[in-house]
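Shown next, in structure tokens, is the structure this report addresses.
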Amino acid sequence: MKVCLSCGQQVPVQYNVCPYCQKPTSGKPAGEELGAIKYLFYILAIFIPILGIIIGIVLMISDDPEKKKVGKTCLLIGILMIIIVCVLYFLLFAALFAMSI
Ligand SMILES: [Zn+2]
């Protein structure tokens, strides 16, 4: 048995629609599906920005608004990290250039 998320009644596991309130029972509460793994995606996006952008695009194609939200965040983190790395490289080369004169 599982508990209906809409009305709280006990519903047999094989039921996809609650017999009491007719609401779908298979859907998990928003955000639960990506609960822990979204942080993994964020961490990946920080350390491997390209991967974060790819994950972001893949998730944004999804119909699930929660996945879209996580995808958008991954994409933003990925882009931000690439910009930060570019700025750091620019500063490094500027510093090396300044020292070589
Ligand atoms: Zn119900």
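Using numbering that gives the first Met the number 0, read the sequence shown as starting at 0 and increasing by one per residue.
Built from N, CA and C at the ideal position, the CB exists for glycine as well.
Heavy atom of ligand 1 within 7 Å of residue i beta-carbon
{"i": "Tyr19", "result": "yes"}
{"i": "Gln37", "result": "Correcting the residue identity first, residue 37 is Lys in this sequence and not Gln. Flag unset: Cβ of Lys37 not near ligand 1."}
{"i": "Gln13", "result": "no"}
Chain-order list of residues whose beta-carbon lies under 6 Å from that of residue i (same chain, five-residue window excluded)
{"i": "Tyr19", "result": "Cys6 and Gln8"}
{"i": "Cys73", "result": "Phe40, Ala44, Gly51, Ile54 and Gly55"}
Reference residue i, options the options, closest by Cα
{"i": "Ile47", "options": "Gln13, Tyr88, Leu90 and Ile76", "result": "Ile76"}
{"i": "Gln21", "options": "Ile100, Cys3 and Ala35", "result": "Cys3"}
Own chain residues within Cβ distance below 7 Å of residue i, not counting five before or after
{"i": "Tyr14", "result": "Thr24"}
{"i": "Ala29", "result": "Residue confidence for Ala29 is low, a pLDDT of 45 falling below 50, so the modelled location carries little weight; the figure read from the coordinates is stated next. Glu65."}
{"i": "Lys1", "result": "Val10, Val12 and Thr24"}
Buried or exposed by the 16-neighbour rule on C-beta atoms within 10 Å, applied to residue i
{"i": "Val69", "result": "buried"}
Bridge partners - residue i, DSSP secondary structure assignment
{"i": "Lys68", "result": "Partner(s): none; Lys68 has no beta bridge."}
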